[in-house]
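Residue numbers (the working numbering): 9 to 116.
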């Protein structure tokens with residue numbers, strides 16, 4: 009059991025947490041605040057949310073790679089961070105936010 013916890017701890021420590029948190033904030037902002045309408049007005053093209061998140065993640069990942077001057081060895085960590093961020097956001101944060109800010113519309 010200790011070995012499993014050690015492996016999980018090593019994996020979590022190897023992730024790029026600054027990328028994960030900023031990516032979640034960027035993806036949330038660009039998918040929920042007039043950015044989709046603006047994109048539609050310019051390109052006259054609607055893209056599903058999952059594809060917008062993928063495009064945002066790839067572009068942001070490339071920018072982080074270039075700005076931070078990562079070596080090729082850090083690309084795997086960046087890719088793992090992207091996958092972790094998508095799963096973390098979709099499975100945990102989104103469900104938690106829905107539960108926290110859910111309005112009770114049932115009339116008694």
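For each residue, glycine too, the CB sits at the ideal point set by N, CA and C.
- Item | Cβ separation of residue 23 and residue 92, assumed to be a contact under 8 Å, to the nearest whole Å | Here residue 23 refers to the residue found at position 15 of the chain shown. Here residue 92 refers to the residue found at position 84 of the chain shown. Correct: roughly 6 Å between the Cβ atoms.
When 85, 78 and 46 are compared against residue 28, the one with the closest alpha-carbon:
By one-based count along the chain shown, residue 28 stands at place 20. If we check each option's Cα against that of residue 28, 85 comes out closest.
For residue 68, which residues in the same chain have their Cβ closer than 8 Å to its Cβ, ignoring the five residues on either side in sequence? Taking the first residue of the chain shown as position 1, residue 68 is located at position 60. Answer for residue 68: 27, 30, 31 and 34, listed in chain order.
* Are there 16 or more other CB atoms within 10 angstroms of the CB of residue 17, so buried, or fewer, so exposed? -> Against the chain shown, residue 17 aligns to sequence position 9. Answer is exposed; the Cβ neighbour count stays below 16.
Report task. From the DSSP output, in three-state form, read off residue 54 for me. Result -> Against the chain shown, residue 54 aligns to sequence position 46. Three-state result, residue 54: coil.
Check your understanding: How long is the line joining the alpha carbons of residue 65 and residue 94, rounded to whole angstroms?
Key -> Mapped onto the chain shown, residue 65 falls at position 57. Mapped onto the chain shown, residue 94 falls at position 86. About 9 Å.
Are residue 39 and residue 58 close, meaning C-beta to C-beta below 7 Å? Here the question's residue 39 lines up with position 31 in the chain shown. Here the question's residue 58 lines up with position 50 in the chain shown. No; because the gap between Cβ atoms is not below 7 Å, this pair is not in contact.
| request: List the endpoints of the continuous alpha helix (DSSP H) containing residue 14. | output: On the chain shown, residue 14 is found 6 positions in, with the first residue counted as 1. Residue 14 -> alpha helix (DSSP H) spans 10 to 22.
> Is it buried or exposed for residue 72, if we count other Cβ within 10 angstroms and need 16 for buried?
Replying inline: Here residue 72 is taken as the residue at index 64 of the chain shown, counted from 1. It is buried - the Cβ of residue 72 has at least 16 other Cβ atoms within 10 Å.
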